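Protein chains in written order, with the numbering used here: chain A, -17 to 97; chain B, 4 to 114.
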């Protein structure tokens, strides 16, 4: 079955440490997205990529970095510059750069906490 | 500023009744509106998409309406079941922009 795989499911970060969240899709989708979800809040867009080797900042990109070296993969690094990283991180993809015309397919998230 | 508002309080209904969830928006002229279901600890799952020129969309027990004058979308689940219990998110976009999500409403269907 095609889908999006996020790993790990739970991740703990120490002070001053960078951590990388994995996102892999086998849906052959061009566009991929990273969102952050805090309790009681909507999903907020961190970064998105419409094509390999290209990505754009979303609404809350500060303290995060991404890469898109392969169509299937879009890892997110939470850097030490992100002072409040505790959240649920969701990766998504869509068949074309969505802009609302196509549904987004989501992984099951990574929950990041501070040690 | 642009806002998408969903009732943050949980909606509790009895099995078999129709659940109605509301999504209001301000300072948007959305071209598309989508509804997703999210279970605890899981990612959202797409349910329905409605365009600005469509008044209503149906899929099995689900119905979505889109009123651009009232700036509101209603999401209905008829003959609700305990398995429908989840958080429901609305998301919308103006033409050329990224999808923006509301905070979601939790639905609890009691047997």
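Where a beta carbon is used, it is the ideal one built from N, C-alpha and C, also for glycine.
Note that this is a predicted model, so its numbers are computed, not measured.
- The Cβ atoms of residue 80 of chain B and residue 25 of chain B lie no closer than 9 Å to each other.
- In this structure, DSSP gives residue 87 of chain B a helical state, which the three-state scheme calls helix.
- Taking the C-beta atoms as reference points, residue 110 of chain B is found no nearer than 9 Å to residue 38 of chain B.
- Secondary structure of residue 13 of chain A (DSSP, three-state): strand.
- In the three-state DSSP reduction, residue 60 of chain A falls in the strand class (E or B).
- If you check each beta-carbon in the segment 15 to 33 of chain A against every beta-carbon of chain B, the ones closer than 9 Å belong to 15, 17, 19, 22, 23, 24, 25, 26, 27 and 30.
- Look at residue 81 of chain B here: in three-state DSSP terms it is coil, with no helix or strand label.
- Using a 10 angstroms sphere on the CB of residue 21 of chain A, the tally of other CB atoms stays under 16, which defines it as exposed.
- Runs of the beta strand (DSSP E) lying entirely within the segment 4 to 56 of chain A and spanning at least 3 residues, in chain order: 13 to 19, 25 to 33, 36 to 39 and 46 to 48.
- Following the DSSP letters along the chain, one finds residue 17 of chain B inside the beta strand (DSSP E) bounded by residues 14 to 17.
- Non-local beta-carbon contacts of residue 14 of chain A in its own chain, meaning distances under 6 Å to residues more than five positions away in sequence, involve 31, 56 and 75 in chain order.
- Closer than 9 Å at the C-beta level to chain B, one finds these residues of the segment 80 to 92 of chain A: 80, 81, 82, 83, 84, 85, 86, 87, 88, 89, 90 and 91.
- The beta carbon of residue 72 of chain A lies closer than 7 Å to those of 17, 19, 25, 88, 89 and 91 in the same chain, with the five residues before and after it left out.
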